[in-house]
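Protein chains in written order, with our numbering: chain B, 1 to 196; chain F, 1 to 465.
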């Protein structure tokens with residue numbers, strides 16, 4: 001996966017709380033292999049039920065501004081695949097599901113936390129339109145519809161997003177420490193091995 | 001004198017291989033449980049030409065797509081099950097396949113098989129992995145990229161969560177269960193109320209819970225946004241584990257007990273957050289909306305969005321619209337089309353016993369499905385005569401699996417239909433497109449089956465407990 005530092009594009013507002021991963025991608029699509037692309041599954045049922053849905057009105061969405069507990073629920077990484085394959089590169093919300101947030105970073109999607117007041121201001125500002133926006137990871141700052149929003153980003157997440165790092169490669173440098181830990185644990189706690 | 005430590009801190013340091021300069025820790029994984037959803041992770045490994053690092057610590061189970069009714073299996077469901085079988089065989093992983101007597105929902109069979117033990121770190125590509133914390137284990141769900149990492153290295157990178165203690169004093173009332181307790185605190189704190197935290201449940205009401213109740217409570221920790229839930233192991237835990245298939249024996253058992261007895265928060269250990277709940281405040285609880293936080297006592301009324309403010313008003317308005325409910329109506333007047341008992345939250349033997357107590361000698365006036373949490377639970381329920389009570393009441397007795405909790409196997413609630421469900425999520429479309437789910441305890445589900453509407457189970461259980 002390649003990393004990114006800056007993006008510029010269009011931002012839209014999804015003015016809902018608790019957009020869980022079951023909504024982001026309904027379970028019935030999850031047996032599909034990734035190479036077919038998951039973008040068509042993003043918020044599938046909501047988009048089918050409502051022709052006026054924000055993602056029906058705006059086909060090119062790079063940045064999503066939404067309410068609290070975005071991506072709560074199931075650990076399904078497919079929810080992130082659907083966003084990424086749709087073209088979304090950053091989501092701004094007051095809170096995210098923990099597992100969703102890790103999944104996002106592992107797939108190059110920025111999950112940025114802003115406080116509730118800031119989000120409400122942006123949602124009002126964007127309304128039904130789409131607005132020009134840019135995100136700069138190097139300074140943890142976005143400009144959405146002319147409004148400047150700094151956000152906090154864990155340094156390790158920033159590194160992973162910028163470099164497109166893969167954890168498996170990263171962990172290889174600790175192989176020796178892992179082997180030592182494993183051996184010591186088995187000696188100290190032999191019961192921790194399954195018996196049968 | 002050493003600083004008093006929380007149970008979480010003890011477990012964390014026991015698994016920490018190293019900590020990077022940025023504060024992220026590399027943790028050793030004692031048990032990795034995989035189900036059909038692992039196909040992305042195995043594909044990742046295969047594309048790198050890698051094999052599973054510690055197959056003896058990795059266990060597979062067919063649950064999400066497991067067919068629970070007789071008949072033809074759809075080709076895409078068969079393919080998902082076969083793919084797991086192929087990946088398990090290729091990597092020498094012990095698989096609990098459909099025909100295995102140990103098969104069942106991953107979070108039911110882990111404890112049942114003795115794979116879940118106090119003091120372990122347990123991961124699975126499923127958010128309800130928090131269930132296993134009931135044994136005093138560090139257990140949390142991960143995504144597909146993390147599953148691939150664990151398969152490749154038997155470790156996981158994690159940022160240490162903050163700690164939170166939910167102390168529940170007193171005793172739960174008759175017919176009030178761990179499910180009601182969980183929905184109560186989630187409604188109080190919100191679906192993201194415990195976000196970024198590891199919860200330890202403590203207090204007399206927790207000590208008084210059976211292992212089954214503790215599993216239900218820890219299972220739902222994720223629905224309150226927590227990274228994981230924990231309960232300090234005690235005699236109840238040790239008695240549950242002893243003699244299980246993969247549990248330690250002989251001198252290993254003795255060593256384990258010594259280690260496990262130290263697994264508790266030290267007196268005066270400090271948590272980042274503390275919440276105290278009085279158990280006697282909790283009534284049988286049901287959800288009215290589309291998030292587990294949309295819960296209220298069965299004696300309550302559906303909220304009126306007009307009385308709420310800001311984003312809450314909009315959430316309630318959309319939830320009521322989806323659920324087809326009117327603002328202000330008494331929740332126990334809501335008519336139900338069908339019921340479901342099962343899932344990793346409430347598909348255990350004790351859940352079935354309590355539901356059967358309600359249904360015994362009574363008829364369900366609406367259709368419903370009962371899917372035991374595992375093949376072993378199914379066998380036991382049949383031996384105890386519970387299955388006969390369900391069938392006698394007019395309900396369908398099915399095989400073990402995730403079934404109608406998530407509907408991946410084809411067990412679905414039709415659009416617009418309303419289901420009283422013992423599961424964990426009332427999300428839009430969770431049990432099927434357009435399905436309306438009300439979460440509650442299995443006893444409350446059984447009560448709804450008898451009356452055809454959401455019902456306070458307490459009078460129905462009077463003299464039966």
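A virtual CB, placed ideally from N, CA and C, is assigned to each residue, including glycine.
Query raised in the report: Taking Cβ-Cβ distances shorter than 8 Å, what residues in chain B pair up with residue 407 of chain F?
Result: 27, 28
Query - Between the CA atoms of residue 78 of chain F and residue 176 of chain F - distance to the nearest angstrom - result: 40 Å
Report task. Please classify residue 288 of chain F: does DSSP put it in a helix, a strand, or coil? Result -> coil
Query raised in the report: Counting contacts by CB-CB distance shorter than 9 Å, is residue 69 of chain B in contact with chain F?
Result: yes
Report task. Could you round the C-beta distance between residue 59 of chain F and residue 26 of chain F to whole angstroms and report it? I think they count as a contact, below 8 Å. Result -> That pair is no contact at about 22 Å.
Query raised in the report: What does residue 404 of chain F reach in chain B if we use C-beta pairs closer than 9 Å?
Result: In chain order: nothing, as chain B lies at least about 12 Å away.
Query - residue 85 of chain F and residue 97 of chain F closer than 9 Å at C-beta - result: yes
Query raised in the report: Which stretch, first to last residue, makes up the alpha helix (DSSP H) that contains residue 344 of chain F?
Result: 343-346
Query raised in the report: Using a Cβ-Cβ cut-off of 7 Å (strictly less than) and excluding sequence neighbours within five positions of residue 123 of chain F, which residues of its own chain qualify?
Result: 29, 32, 129, 140, 142, 150, 156
Query - Which listed residue (F:208, F:417, F:379) has its alpha carbon closest to that of residue 171 of chain F - result: F:208
Query raised in the report: Where do the N-terminal and C-terminal ends of the alpha helix (DSSP H) with residue 253 of chain F fall, by residue?
Result: 250-261
Query - Endpoints, alpha helix (DSSP H) assigned at residue 86 of chain F - result: 75-90
Query raised in the report: For residue 407 of chain F, which residues from the same chain have a beta carbon less than 7 Å from its beta carbon, with the 5 sequence-adjacent residues on both sides left out?
Result: 431, 432
Query - residue 454 of chain F versus F:51, F:71, F:438, F:147, residue with shortest Cα-Cα distance - result: F:438
**Report entry** Contacting positions in the region 167-181 of chain B - beta carbon closer than 7 Å to chain F
**Finding:** 167, 168, 171, 174, 177, 178, 181
Requested in this report: Name, please, each residue of chain B whose Cβ falls closer than 7 Å to the Cβ of residue 157 of chain F.
Outcome: 167
Requested in this report: Using a Cβ-Cβ cut-off of 9 Å, state whether residue 160 of chain F counts as contacting chain B.
Outcome: no
Report task. Give the residues from the region 411-435 of chain F that approach chain B closer than 7 Å (Cβ to any Cβ), ordered along the chain. Result -> 425, 427, 428, 429, 430, 433
Query raised in the report: In or out: residue 48 of chain B buried (at least 16 other Cβ within 10 Å) or exposed?
Result: exposed
Query raised in the report: Using CA coordinates, which residue listed in F:180, F:417, F:212, F:72 is at the minimum distance from residue 241 of chain F?
Result: F:212
Query - Continuous alpha helix (DSSP H) stretch holding residue 101 of chain B: start and end - result: 98-105
Report task. Classify residue 152 of chain F as helix, strand or coil using the three-state DSSP reduction. Result -> helix
Query raised in the report: Using a beta-carbon distance cut-off of less than 8 Å, what residues from the region 263-297 of chain F approach chain B?
Result: 290, 291, 293
Query - Span separating the alpha-carbon of residue 398 of chain F from that of residue 370 of chain F - result: 6 Å
Query raised in the report: What's the call for residue 229 of chain F, buried or exposed, on a 16-neighbour Cβ count within 10 Å?
Result: buried
Query raised in the report: Is the Cβ-Cβ distance between residue 216 of chain F and residue 188 of chain F less than 9 Å?
Result: no
**Report entry** residue 418 of chain F burial status per 10 Å Cβ neighbour count (16 or more: buried)
**Finding:** buried
Query raised in the report: Would you say residue 69 of chain F reaches chain B, if we count a Cβ-Cβ gap shorter than 9 Å as a contact?
Result: no
Query raised in the report: Are the CB atoms of residue 56 of chain B and residue 20 of chain B nearer to each other than 9 Å?
Result: no
**Report entry** Minimum Cβ-Cβ distance from residue 34 of chain B to chain F less than 9 Å
**Finding:** yes
Requested in this report: Quick one: measure Cβ to Cβ for residue 204 of chain B and residue 112 of chain B, integer angstroms, because I've assumed they're closer than 8 Å.
Outcome: No answer is possible for residue 204 of chain B: it lies beyond the span of chain B, which begins at 1 and ends at 196.
Query raised in the report: Which of the three DSSP states, helix, strand or coil, is assigned to residue 38 of chain F?
Result: helix
Requested in this report: Could you spell out the range, first to last residue, of the alpha helix (DSSP H) harbouring residue 378 of chain F?
Outcome: 375-383
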